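A short write-up of the structure that comes next.
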Amino acid sequence: MQKFSKDKHFSELLKGSSITFMFKITGMGLGYLLTLLVARWYGADTLGLYALSLTILNIFVTFGVFGFDNTLIKFVADYNSNGKEYLSKEVYIKALSIVIPIGLFLSFLLYVGSNYLSTTIFKKEHLTIFLQITALGILPFILLRINATLFRALKKIKIYAFFDTLGIFLFSSIMLLTATFFFKIPNSTIVISVQILSIILLMAVSFLYVTKYTSLFKIAPKNILKYKNILKVSFPMLLTSSMALVMGWTDIIMLGIFRSETEVGIYSIVVKLASLTSITLMAINSIAAPKFSEFYSKGDMQALKKTAQDSTKMIFFSSLPIILILSIFPKYILSIFGDQFVIGVITLWLLMAGQIINAITGSVGYILIMTGKEKVFQNIIFFTSILNIILNYIFVQKYGMNGIAFSTALSISLLNIIPYFLVRHYYGFFSLTFRGTTK
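For the sequence shown, our numbering gives the first residue as 3, with consecutive numbering after it.
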C-alpha cells in the first residue's frame with residue numbers, strides 16, 4: 003500500500019476511477035429502478051418501445067456528436083498538460099459550431115421520418131409517437147455529451163460522472179414517480195417523455211458549469227486552430243464511434259425488426275444486467291483515457307505501460323464479484339423485473355461470456371485511440387461490426403434473443419482480443435491482467 007501511495011499516477015487513477023465508479027453505480031442503480039418501474043407498471047411491450055426509442059436516440063446522437071466525444075479528450079488533455087489551456091477553449095467552441103447544425107438537422111430528420119421507421123421498418127405503429135418525442139432530445143443530448151466530455155478531459159470527474167450517467171436517471175426516475183403516483187398519467191409515452199425532459203434540463207445545467215470552468219482559461223490571441231485540423235481528428239473518431247454504435251445497438255435494432263416488442267423489452271433487461279460487469283471498465287477508462295493521451299504526448303512510455311497494467315488489474319478484480327453473482331443467481335435476479343423476464347437466463351449467460359473477455363483485456367481500445375492508432379482501431383471495429391450484423395441477421399430469425407446474444411458476445415470478444423495483441427505488438431507490453439508490464 004505504501005508503494006501505491008507513492009505512485010501519484012496510480013493514486014490519481016484509483017481516486018478518479020473510484021469517484022466515477024460511485025457515481026456510475028448510483029446512476030446505473032437509478033437506471034435499473036427506472037427500468038423496473040417501466041417493466042412493472044407498463045409491461046414488457048412498452049419497455050420494448052422505450053428501449054427501441056433510446057437505441058435510435060443514441061444512434062442519432064452518436065452521429066451528431068461527430069467524434070468530438072473522444073476528440074475533446076485527446077486535444078484538451080494534450081493542451082492542458084503542455085500549458086496551452088486557451089486552445090482547449092477554442093477547440094470546444096469550434097466543436098459546438100459544428101455539432102449544433104448537425105443536431106438540428108438530425109432532430110428534423112427523425113421527426114419527419116418517425117412514421118416511416120415505425121410502420122415500414124419496425125412494423126410497430128405505436129412506436130411513432132415515441133420517436134417523435136425522442137426527436138426533441140437529439141440536439142440537447144448532443145450538447146450534453148459534448149459538455150460532459152469536456153469535464154472528463156479536464157479531469158473534473160465528479161461533474162463528468164453526474165452529467166454522463168447519474169443526472170439523467172435521477173431526474174427521469176423522480177419525474178416518472180411523480181407523473182405516475184401524483185398526477186396519475188396512464189399514457190405509456192410518459193416513459194420516454196421524462197427521459198427527454200431530463201436530458202433537456204441537464205443540458206441547460208451543464209452549460210452553467212461549462213461557463214464557470216472555461217472562464218478560467220486564457221483567451222487565445224487569434225484563431226490558432228483550423229477547422230480542417232480538428233476535423234482531421236474528429237472524423238476518424240466519428241467513424242470509430244459509428245462502428246462502436248453498430249456493435250452496441252445492432253442487437254436491439256435486429257430484434258425490433260424481426261421480433262416482438264415484448265422480446266425487445268426482455269432482452270433490454272438482460273443487456274442492462276450483463277453491462278453491470280463493465281461498470282468498473284467505464285469508470286476506470288474515464289480517468290485512464292486522458293492519462294494515456296497525456297503520457298503518449300510527453301513520450302513517457304513507461305508511465306503509459308504502468309497505467310495500462312494497473313487499470314486492467316483494477317478492472318478485472320473489481321468486475322469479478324459482479325460476474326459471479328450474475329452467473330450463479332440469474333433466474334432470481336431476472337424475476338425481480340417480472341415473471342415474464344425469467345426466460346432470459348440463457349441469454350444472460352451468453353452475454354456474460356463476452357463481458358468477461360471485456361473485463362480481462364481492459365482498456366486496450368482506448369490505448370490505441372489515445373496513442374495515434376485510432377485508424378487501426380477504426381478498422382477493427384469496422385470488421386467486428388460487419389461480422390456482428392451478419393451473425394445477428396443469421397441467428398435472430400431462428401433463435402431470437404439467444405441467437406442475438408451469441409452473436410454479440412462473439413463480436414465483443416474479438417473487439418477486445420484483437421486490440422490486446424496489437425497493443426502488445428506496438429508497445430511491447432501485455433495488457434492482460436496476469437501478465438507483466440514488459441516482455
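We treat Cβ as the ideally placed atom computed from N, Cα and C, and that holds for glycine. None of these values were measured; they are calculated from a predicted model.
DSSP three-state label for K96, please.
helix
Are A155 and I100 touching if we call contact CB-CB under 7 Å?
no
Taking 7 Å as the cut-off, decide whether the C-beta atoms of F384 and G367 are in contact.
no
Taking the alpha helix (DSSP H) that S262 falls in, what are its first and last residues?
Element bounds for S262: n/a, residue is neither H nor E.
Inter-residue Cα distance where the pair is S55 and G301
44 Å
Find the nearest neighbour of S329 within the set Y428, L353 and N60, judged by alpha-carbon distance.
L353
Determine the extent of the alpha helix (DSSP H) in which T363 is found, giving its start and end residues.
V347 to T363
Report buried or exposed for A206, applying the criterion of at least 16 other Cβ atoms within 10 angstroms of its Cβ.
exposed
For N189, count neighbouring Cβ atoms within 10 angstroms of its own Cβ and tell me buried if that reaches 16, exposed if not.
exposed
Is L111 helix, strand or coil when you go by DSSP?
helix
Spatial distance of G346 from T37 (CA atoms):
16 Å
Would you kindly work out how many angstroms separate the C-alpha atoms of S433 and I420, rounded to a whole number?
Residue confidence is low: S433 scores 46 on pLDDT, short of 50, so the model does not pin down where it sits. Its coordinate-derived value is still stated next. Straight-line Cα distance between these residues: approximately 12 Å.
Could you tell me the boundaries of the alpha helix (DSSP H) in which K157 lies?
Careful: K157 lies outside any alpha helix (DSSP H) and carries neither H nor E.
E376: first and last residue of the uninterrupted alpha helix (DSSP H) it sits in
E376 to Y429
Classify E263 as buried or exposed, calling it buried when 16 or more other Cβ atoms lie within 10 Å of its own Cβ.
buried
My output table needs one value for E296: the three-state DSSP class, helix, strand or coil.
helix
Could you tell me whether the Cβ atoms of G139 and G105 are closer together than 7 Å?
no
Return the chain-ordered list of same chain residues with a C-beta closer than 7 Å to the C-beta of I123, the five sequence neighbours on each side being excluded.
I259
Measure the Cβ-Cβ separation of I202 and P142 and say whether it is below 7 Å.
yes
Residues near G438 by beta carbon distance below 6 Å, same chain, minus five either side:
Confidence at G438 is low in this model, with a pLDDT of 40, below 50, so its placement is unreliable and the value that follows should be read with caution. Cβ within range, chain order: n/a, list empty.
Can you say whether E127 is buried or exposed, counting buried as having 16 or more other CB atoms within 10 angstroms of its CB?
exposed
Tell me the rounded alpha-carbon separation between L179 and G267.
20 Å
So, for G356: in the same chain, excluding its five sequence neighbours on each side, which residues have a beta-carbon less than 6 Å away from its beta-carbon?
A411, I414 and S415
Taking F209 as the reference, which of V248, I144 and Y229 has the closest Cα?
I144
How about S120 and A137: do their beta carbons lie closer than 7 Å?
no
Endpoints, alpha helix (DSSP H) assigned at S120:
Counting along the chain, S120 falls outside any alpha helix (DSSP H), and DSSP gives it neither H nor E.
Could you tell me the alpha carbon to alpha carbon distance between I158 and Y401, rounded to whole angstroms?
The displayed chain sequence assigns Lys, not Ile, to residue 158. Their backbone Cα atoms lie some 45 Å apart in a straight line.
Between the Cα of V63 and the Cα atoms of I148, V40 and A276, which residue gives the shortest distance?
I148
I338 (DSSP reduced to helix, strand or coil):
coil
By Cβ distance, which residues of its chain are closer than 7 Å to F237, with the 5 residues on each side in sequence left out?
G69
Cα-Cα separation between I327 and I232, rounded to whole angstroms:
44 Å
Write down the C-beta distance between A361 and F318 rounded to the nearest angstrom, noting that I regard them as a contact closer than 8 Å.
5 Å
Rounded to a whole number of angstroms, what is the C-alpha to C-alpha distance between G50 and Y118?
18 Å
Looking at the secondary structure, which residues open and close the alpha helix (DSSP H) in which F319 lies?
M303 to I330
Looking at the unbroken alpha helix (DSSP H) that takes in F343, where does it start and where does it end?
Careful: F343 lies outside any alpha helix (DSSP H) and carries neither H nor E.
Would you please state the rounded distance, in angstroms, between the beta carbons of N404 and D253? I believe it to be under 8 Å.
Not really, about 11 Å apart at Cβ, beyond 8 Å.
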